[in-house]
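Engineer: Quick one: the structure is below, and I'll ask about it shortly.
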Amino acid sequence: MGKYQKNIEAARRISVMQYLQAYHPGELVRKTDKEYCTKTHSSLVITPANGLFHWFSQSKGGNNALDYLVKVEGMDFVSAVRLLNEMTPMPVSVQTAKAAPVQQQTSRPFVLPPADRNAEAATAYLMRRGISPKVLRYCVGSGILYQTTRGNYRNCVFVGKDENGVPRSAFQRGCQGSFRGDVAGSQKQYGFLIPAESENCDTVEIYEAPIDAMSGATLRQYKHDSPWRSVHYLALGGLNHQPIDYFLQQHPEVKRVSLCFDRDDPGRNFTKIVAKRLAERGYIVQDTPPAIGKDYNDYLLAARRLISMER
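Residues 14 to 324 in our numbering are what the sequence shown spells out, letter by letter.
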């Protein structure tokens with residue numbers, strides 16, 4: 014079996030209930046002891062016991078999350094497979110997918126990797142990626158960025174904290190090579206957040222990755238159109254709804270959301286889904302993909318080159 018076929022099979026093993034409970038828990042409405050519908054589509058009936066869903070008003074149905082994304086959300090097949098592969102935190106068995114909803118708990122305790130005595134390699138790496146010293150100093154000083162050593166390799170650690178400032182998730186990125194990955198036991202609803210300076214700030218910019226969020230902050234600093242911490246910067250750690258829902262629950266003052274996801278098929282499709290759901294909840298949503306390149310770090314590096322040429 015080829016790699017792409019394996020990706021399709023992995024996507025098909027995710028049930029509708031798993032997908033919705035993990036990434037759209039606010040959408041689910043219990044109709045009976047055995048059936049659910051969604052807030053958006055009252056005629057869409059989901060039966061967890063057998064994994065089936067049927068959208069009666071549209072005469073459409075299916076038995077997995079891939080069917081749901083294509084038939085209900087209107088996503089093209091290839092993008093839906095990519096999205097589910099990106100969002101799947103771990104392999105899901107056929108039996109699990111057809112039976113119980115996804116488990117939010119993890120059996121492994123969350124423990125941050127040990128911090129090095131300094132973050133010289135991490136800051137040097139991120140400065141090569143174009144991140145400004147001011148943004149780096151803030152992130153290191155607030156404990157959401159530090160450096161760890163794994164074997165002979167140094168890694169950046171991006172930390173997600175809860176409302177009390179307690180670390181609950183972390184993502185590692187190698188300072189050399191391509192190593193990257195979540196720290197075991199991470200609770201994915203806690204994203205990487207650079208908070209606005211004002212507690213009354215009503216705007217959040219949402220990115221896929223921490224480096225993209227830091228790139229957005231650096232771009233705002235370069236533009237000088239407002240203080241760089243005049244907005245919140247939230248990184249999801251992938252295409253994941255959970256940090257969005259958690260952040261908005263914790264920040265009822267936020268009314269404006271800028272979606273800064275990658276300019277690729279999964280990013281563009283995820284933008285459509287998130288924009289629709291947030292608009293239905295009354296938020297003012299702006300679609301702001303990178304003007305240049307695939308992601309905001311590409312955009313930042315291109316902008317830095319243009320600034321250097323102008324000088």
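Built from N, CA and C at the ideal position, the CB exists for glycine as well. None of the values given here were measured: they were computed from a predicted structure.
Thinking just about the alpha-carbon of each residue, which of V42, E266 and L247 is nearest to the one in S211?
Structural biologist: Sequence index remark: in the sequence shown, residue 211 carries index 198 (1-based). Selected option, being the one with the closest Cα: E266.
Engineer: Beta-carbon within less than 7 Å of Y138's beta-carbon, same chain only, minus the 5 sequence neighbours each way: which residues are those?
Structural biologist: If you number the sequence shown from 1, residue 138 lands on position 125. Only C169 and C188 meet the Cβ criterion.
Engineer: Considering only C-alpha positions, which residue in the set N310, R163, D258 and A93 is nearest to D278?
Structural biologist: On the sequence shown, residue 278 is found 265 positions in, with the first residue counted as 1. Measuring from the Cα of D278, the nearest candidate turns out to be A93.
Engineer: Specify the secondary structure class of F123 as computed by DSSP and reduced to three states.
Structural biologist: Position 110 of the sequence shown, counting from 1, holds the residue named residue 123. It is coil, neither helix nor strand.
Engineer: Got a sec, what are the start and stop residues for the beta strand (DSSP E) A248 sits in?
Structural biologist: By one-based count along the sequence shown, residue 248 stands at place 235. Per DSSP, A248 belongs to the beta strand (DSSP E) from H245 to A248.
Engineer: Using only the alpha-carbon positions, how far apart do N253 and H237 sit?
Structural biologist: The sequence position of residue 253 within the sequence shown is 240, counting from 1. The sequence position of residue 237 within the sequence shown is 224, counting from 1. Distance between the alpha carbons of N253 and H237: 31 Å.
Engineer: Find the nearest neighbour of D46 within the set C214, S155, Y246 and A62, judged by alpha-carbon distance.
Structural biologist: Start at 1 with the first residue of the sequence shown, and residue 46 comes out as number 33. Checked all of C214, S155, Y246 and A62; the closest Cα to D46 is A62.
Engineer: Considering only C-alpha positions, which residue in the set L313, I257, W68 and G190 is nearest to R163?
Structural biologist: Indexing the sequence shown from 1 puts residue 163 at position 150. Of the candidates L313, I257, W68 and G190, the one whose C-alpha sits nearest the C-alpha of R163 is G190.
Engineer: Strictly by DSSP, which residues pair up with Y166?
Structural biologist: Within the sequence shown, the letter at position 153 stands for residue 166. The partner list for Y166 (beta bridge, DSSP) reads R163.
Engineer: I219: buried (16+ other C-beta within 10 angstroms of its C-beta) or exposed?
Structural biologist: Start at 1 with the first residue of the sequence shown, and residue 219 comes out as number 206. With 16 or more Cβ atoms within 10 Å of its Cβ, I219 is classed as buried.
Engineer: Within a Cβ cutoff of 6 Å, which residues of the same chain sit near H67, ignoring the five residues on either side of it in sequence?
Structural biologist: For the purposes of this step, residue 67 is identified with residue 54 of the sequence shown, where counting begins at 1. Answer for H67: V58 and G74, listed in chain order.
Engineer: Taking Cβ to Cβ, would you say L232 is nearer than 8 Å to A132?
Structural biologist: As a first step, residue 232 is located in the sequence shown; it is residue number 219 there, counting from the start. As a first step, residue 132 is located in the sequence shown; it is residue number 119 there, counting from the start. Cβ atoms of L232 and A132: not closer than 8 Å.
Engineer: Which of helix, strand or coil does DSSP assign to P279?
Structural biologist: Taking the first residue of the sequence shown as position 1, residue 279 is located at position 266. Looking at P279 - three-state DSSP - the assignment turns out to be helix.
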